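Below is one structure, written out as structure tokens, with a few remarks after it.
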Amino acid sequence: MKSLKPYQEFLRYITVITVLLLLLWWMEFRFLVIQSDYEIYLSFLAVFFLFFGIWVATKINVQKAKTIIIEKEILIPEKTFVLNETERQRRNISQRELEVLALMAQGMSNQEIADKLFVSLNTVKTHSAKLFEKLEVKRRTQAIETAKKLQLLPPTLA
């Protein structure tokens, strides 16, 4: 208590001011209620009916029809691909080279093609080099595009 002794008078003033302020607020509230009780009651009534209306609206609200999306796979028949046999023979492209070309078009690497066809990596590289030479191109993408234009590969492959 020794530490509060210098502030004791100050604390008394604060307490008295607080009590007086609370008394003033209470008197103001009483005056407000007596003077304008009609407006206060109407305000309470309006708030009550607001919440009552919201509650009634949620109870009688008709459920909306739900939209159900059904995803269904539809198969569209594609045009059947016909290999341009005359161009294949004219360019002297073997069946194995066509297989390598088709796997290239699917985006496979040389190693993946070798694993798929059960041949060595060097064999795939040889087939690729011969294909590039026969199709007169320098890159895989060029070979695939040229083969599609010549109808050696289906246009939808890749």
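Residue -12 is where the sequence shown starts when you use this note's numbering, and the numbers rise one by one after that.
Where a beta carbon is used, it is the ideal one built from N, C-alpha and C, also for glycine.
Remember, predicted model here, so these are calculated numbers, not experimental data.
DSSP three-state assignment for residue i, whether helix, strand or coil
| i | result |
| --- | --- |
| L70 | coil |
| P142 | coil |
Residue range of the unbroken alpha helix (DSSP H) whose run includes residue i
| i | result |
| --- | --- |
| Q129 | 127 to 136 |
| T54 | Looking at the DSSP string, T54 is not in any alpha helix (DSSP H), and its letter there is neither H nor E. |
| K(-8) | It is not in any alpha helix (DSSP H) - K(-8) carries neither H nor E in the DSSP assignment. |
| V111 | 108 to 122 |
| Q93 | That residue, Q93, is in no alpha helix (DSSP H); it is neither H nor E in DSSP. |
Nearest neighbour of residue i, chosen from the options [CA to CA]
| i | options | result |
| --- | --- | --- |
| L104 | T113, A116, L90, K117 | L90 |
| P141 | S96, E120, V69 | V69 |
Beta-carbon spacing of residue i, residue j below 8 Å
| i | j | result |
| --- | --- | --- |
| A130 | L88 | yes |
| N71 | L137 | yes |
| A101 | T110 | yes |
| E58 | L139 | no |
| Q98 | L108 | yes |
| R78 | L122 | yes |
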